[in-house]
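Chemist: Dumping the structure here so I can ask a few things about it.
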Amino acid sequence: MKYKNKIKFMIKTSKIFKFSIFLSLIFIYSCSQTQKDLSKFTPKSSYGYLITEEPQASVVGIEVLKNGGSAADAVVASFFMLSVTYPVAAGLGSGGLCVVHDRLTGTSESIDFRNFPILKDSIIGVPRAVRALSGLQARYGKLKWSSVVLPSERVARFGFQASRSTSNIAKNFSRLPGKQNFTPFVVDDKPIRQGEVIIQNDLAETLSSIRLRGGGDLYFGELAKKFYTELKKYGLEVDFEMLRDFQPSWQNTKNSITNNYSILSPYQGSTASLSNQYIIKNLIDNDDFNNSNEINKYLLLAEFSGKASYFGYLNNFFQEKSFKIGGEEVDDSVKKSKFPDLSMWKNAGHDGTTSIVAMDKFGQSISCGFSMGSPFGIGKQINGLGFSPGLAFSDSKNNWLESGIDFISPLIITDKFNKEVIFIIAGTKGPSTVSSVSSVVLNTLSNKSLDKSINMPRIYFPFNPNEIWVESSIDDEFLKLLKINNVRYTKILKLGHINAIYCPNSSIDLLTCEYLSDPRGSGLALSGELF
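So this is what it looks like as structure tokens:
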């Protein structure tokens, strides 16, 4: 009996053991499957990156990339969305500049679509952005034209909730002197509030025509006739043929080569971009920036931003000139050259500029700057079309310091062989663009962190007034040094706005790139991660 009981006990024990082994195997298998499932949520690559100053425009752009679109498709879709949600700077009446780079071929070019006067000496500019971006999409896009315009048409027709960005621009506009109106964003000085729904039926109809008949409709089609007719009501005898024959200007980029990098900027039209080229190249070539401590880096940025502003005004970056900030030689140069007083830009509000930067998985990179010349352009919508023309840019003026269009600074930085893209960056918001772009680029190349660099306090030397402008968060030790050297300074709330993509290792491996919209604004940087 005892023997039989032992046998039964052994059999039961072995069964329990086998069952426990079975459960363990199931647990191990389930864990391995869970690990496999979890690995699905680890991005393997990315469709690319898209950054704008208005979140809804960024979302539309990244969806275009996820649907197989190129950087050009995404930029165009984001622009049209900005024309609905952020017309303060990128309305259908805007102008601007773009730089395009193809990593696969190592080639780059720029497109100039600044708003020239619709008539001689007129403040109204030809609405050049639509045709320029039509050309950009035709040249570099992969999707159907209608698919990149449709999202913005829908949002204009059925409405959208005002984002913080949209609400903020309306608030800033309502604070201008006099009673302000730009329906539906500002009505009798009352700005739209965040979360309120905005519907724009006239703009939706205009976008519908552009979607169905192409961007050219605004220049030689039914939209052009409406535009022409409405302008005549203001006493403007516009040359219809001039509107019809307008073509954006495609040009080679201006390539400035440093020890290890190629800095690509628009060939013409943006003194801010050329100024940033000058600063970045000089401070990389002589290695002064990398070998300096934090305080000396601020001094170098101040000195070279002043030089760049002055040389840009003279349209001559090849001269050698040394001066002491706060010194008499600066005041003498201001008098001789009639360099304008930039005091109006101290803590100035929105200047009517914005930017879009994008990179796709196909090797295409784009940096664009847009300008209405002033917030909401002329501040009055064309009846029945739903958009305001931008203020005109004129070559007869020193626009580098007198018009916001020349403050936009789109740049692309590659290796010296024009293959690997390292930076796609654009700066806007006033003359301090010169120092803000250079500061972010130089500090990032030095410390290898875009996040750290874009959050650093900024500095700018406007040349006139002969003082330094600093963001209020700057180191007190630096301010003490300025006082010791009798250099005047003014604390500024914020200097410039940056959108940037930085790829420290290889632009082929998109997951190694950083992408940020300046925390000084309310924009959104997105990655189309591929799982």
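In terms of the numbering used here, the sequence shown opens at residue 529 and continues consecutively. Ideal placement from N, C-alpha and C gives every residue a C-beta, glycine not left out. It should be emphasised that the depicted structure is a prediction, and the values quoted were computed from it without experimental measurement.
1. Leaving aside the five residues before and after Q665 along the sequence, list all residues of the same chain whose C-beta is less than 6 Å from its C-beta, in chain order.
2. Which residue's Cα is closest to the Cα of Y614: N814, L802, A585, K782?
3. Quick check on Q892: does DSSP put it in helix, strand or coil?
4. Per DSSP, P917 is paired with what?
5. When you compare only the Cα positions, how much space is there between E930 and K1022?
6. Assuming contact is defined by CB atoms lying nearer than 9 Å, are S916 and G621 in contact in what I supplied?
7. Here's the rule: buried if 16 or more other CB atoms are within 10 angstroms of the residue's CB, otherwise exposed. What is G1066?
8. By the three-class DSSP mapping on this structure, what secondary structure does I727 have?
9. Using C-beta distances below 7 Å, list every residue in its chain close to N780, excluding the 5 sequence neighbours before and after it, in chain order.
10. Kindly indicate which residue of L678, S960, A1053, F774 has the alpha-carbon position closest to the one of S737.
11. Expressed to the nearest angstrom, what Euclidean distance is found between the alpha-carbon atoms of W997 and S674?
12. By the DSSP assignment, the beta strand (DSSP E) with N780 in it spans what residues?
13. Residues in the same chain with beta-carbon distance under 6 Å from F713, minus the five sequence neighbours each way, listed in chain order, please.
14. In terms of residue numbering, what span does the alpha helix (DSSP H) encompassing P583 cover?
15. Should the region 970-990 be called in touch with the region 1026-1042, which here means at least 3 C-beta pairs below 8 Å?
16. Inspect the beta-carbon positions of R659 and F921 and report whether they are closer than 9 Å.
17. Once DSSP output is grouped into helix, strand and coil, what is the label at V676?
18. Label M887 either buried or exposed according to how many other C-beta atoms from any shown protein chain fall within 10 Å of its C-beta, with 16 as the threshold for buried.
19. Quick check on T734: buried or exposed, where buried means 16 or more other Cβ atoms within 10 Å of its Cβ?
20. Taking 9 Å as the threshold (beta carbon to beta carbon), is K594 in contact with chain B?
21. Going along the chain, which residues of its own chain have a beta-carbon closer than 7 Å to the beta-carbon of G749, five neighbours each way excluded?
22. Apart from the five residues on each side of it in sequence, which residues of its chain come closer than 8 Å, Cβ to Cβ, to S702?
23. Using CA coordinates, which residue listed in E857, S820, I807 is at the minimum distance from S974?
24. So, with DSSP's three-state summary, where would you put S1045?
25. Would you give the residue range spanned by the beta strand (DSSP E) that T942 belongs to?
26. Given this structure, state the Cα-to-Cα distance separating K509 from I1012, to the nearest angstrom.
27. With burial defined as no fewer than 16 other Cβ atoms inside 10 Å of the residue's Cβ, what is the status of T562: buried or exposed?
28. Go ahead and pull the three-state DSSP assignment for Y575.
29. Relative to the C-alpha of F989, which residue among K864, L811, Y826, E758 is closest?
30. Closer than 7 Å by C-beta to N971: which residues in its own chain qualify, once you throw out the five before and the five after it? Chain order, please.
31. Would you call V654 buried or exposed, if buried means 16 or more other Cβ atoms sit within 10 Å of its Cβ?
32. Within this structure, are the beta carbons of M900 and V616 separated by less than 9 Å?
33. Suppose you measure from the CA of L759 to the CA of L771; what does that come to, to the nearest Å?
34. For a quick check, are the C-beta atoms of G624 and C1041 less than 9 Å apart?
Modeler: Let me spell this out:
1. By 1-based counting over the sequence shown, the position of residue 665 is 137. Counting only Cβ-Cβ distances below 6 Å, and skipping sequence neighbours, we find A600, V604.
2. Along the sequence shown, read from residue 1 onward, the residue named residue 614 stands at position 86. With distances taken between Cα atoms, Y614 lies closest to A585.
3. Locating residue 892 in the sequence shown gives position 364, where the first residue counts as 1. Residue state, collapsed to three classes: strand.
4. Taking the sequence shown and counting its residues from 1, the one referred to as residue 917 is at position 389. Per DSSP, G621.
5. On the sequence shown, residue 930 is found 402 positions in, with the first residue counted as 1. On the sequence shown, residue 1022 is found 494 positions in, with the first residue counted as 1. Because E930 sits at a pLDDT of 49, beneath the cut-off of 50, its placement in the model cannot be relied upon, and the following sentence gives the value as read from the coordinates. If I take the Cα positions, the gap works out to 20 Å.
6. For the purposes of this step, residue 916 is taken as the residue at position 388 of the sequence shown. For the purposes of this step, residue 621 is taken as the residue at position 93 of the sequence shown. Taking 9 Å as the Cβ cut-off, S916 and G621 qualify as a contacting pair.
7. Residue 1066 lies beyond the residue range present for the chain, which begins at 529 and ends at 1059; the question has no answer from this structure.
8. Locating residue 727 in the sequence shown gives position 199, counting from the first residue. Coil, per DSSP.
9. Locating residue 780 in the sequence shown gives position 252, where the first residue counts as 1. Within the same chain, N780 has close Cβ partners E637, Y795.
10. The residue you call residue 737 lines up with position 209 of the sequence shown. Nearest C-alpha to S737: L678.
11. Locating residue 997 in the sequence shown gives position 469, where the first residue counts as 1. Locating residue 674 in the sequence shown gives position 146, where the first residue counts as 1. Computed Cα separation, rounded: 46 Å.
12. By one-based count along the sequence shown, residue 780 stands at place 252. Looking at the DSSP string, the run of the beta strand (DSSP E) that includes N780 is 777-780.
13. Start at 1 with the first residue of the sequence shown, and residue 713 comes out as number 185. Correct list, in chain order: A698, I720.
14. Position 55 of the sequence shown, counting from 1, holds the residue named residue 583. Segment 583-594, the alpha helix (DSSP H) holding P583.
15. yes
16. Sequence index remark: in the sequence shown, residue 659 carries index 131 (1-based). Sequence index remark: in the sequence shown, residue 921 carries index 393 (1-based). Their beta carbons are not under 9 Å apart, which means R659 does not touch F921 by this criterion.
17. The residue you call residue 676 lines up with position 148 of the sequence shown. Helix at V676.
18. The residue labelled residue 887 in the question sits at position 359 within the sequence shown. Buried: at least 16 other Cβ atoms inside 10 Å.
19. For the purposes of this step, residue 734 is taken as the residue at position 206 of the sequence shown. By the 10 Å Cβ count, T734 comes out buried.
20. The question asks about chain B, but that chain is absent: this structure has only one protein chain.
21. In the sequence shown, counting from the first residue as 1, residue 749 sits at position 221. Around G749: R741.
22. One-based indexing of the sequence shown puts residue 702 at position 174. Closer than 8 Å at Cβ, skipping near neighbours: Q708, V714, D717, K718, P719.
23. Stepping through the sequence shown from its first residue, residue 974 is reached at position 446. Checking every option, the nearest Cα to that of S974 belongs to S820.
24. Reading the sequence shown from its first residue, position 517 is the one you call residue 1045. Note: S1045 maps to strand in three-state DSSP.
25. In the sequence shown, residue 942 corresponds to position 414, counting from 1. Annotation for T942: the continuous beta strand (DSSP E) segment containing it runs 937-943.
26. Examination of residue 509 is not possible in this model, given that the chain is present from 529 through 1059 alone.
27. Along the sequence shown, read from residue 1 onward, the residue named residue 562 stands at position 34. Residue placement at T562 is poorly supported in this model, since its pLDDT is 38, which falls under 50; the coordinates are not used for a value here.
28. Here residue 575 refers to the residue found at position 47 when the sequence shown is read from its first residue. It is a strand residue.
29. Locating residue 989 in the sequence shown gives position 461, counting from the first residue. Nearest C-alpha to F989: Y826.
30. Counting from one through the sequence shown, the residue named residue 971 turns up at place 443. Closer than 7 Å at Cβ, skipping near neighbours: S981, M984.
31. As a working mapping, residue 654 is identified with position 126 in the sequence shown. The residue in question, V654, is buried, as its Cβ has 16 or more Cβ neighbours within 10 Å.
32. As a working note, residue 900 is residue 372 in the sequence shown. As a working note, residue 616 is residue 88 in the sequence shown. Yes, the Cβ-Cβ distance between M900 and V616 is below 9 Å.
33. Here residue 759 is taken as the residue at index 231 of the sequence shown, counted from 1. Here residue 771 is taken as the residue at index 243 of the sequence shown, counted from 1. Between L759 and L771, the C-alpha separation is close to 12 Å.
34. As a first step, residue 624 is located in the sequence shown; it is residue number 96 there, counting from the start. As a first step, residue 1041 is located in the sequence shown; it is residue number 513 there, counting from the start. Contact flag unset, no.
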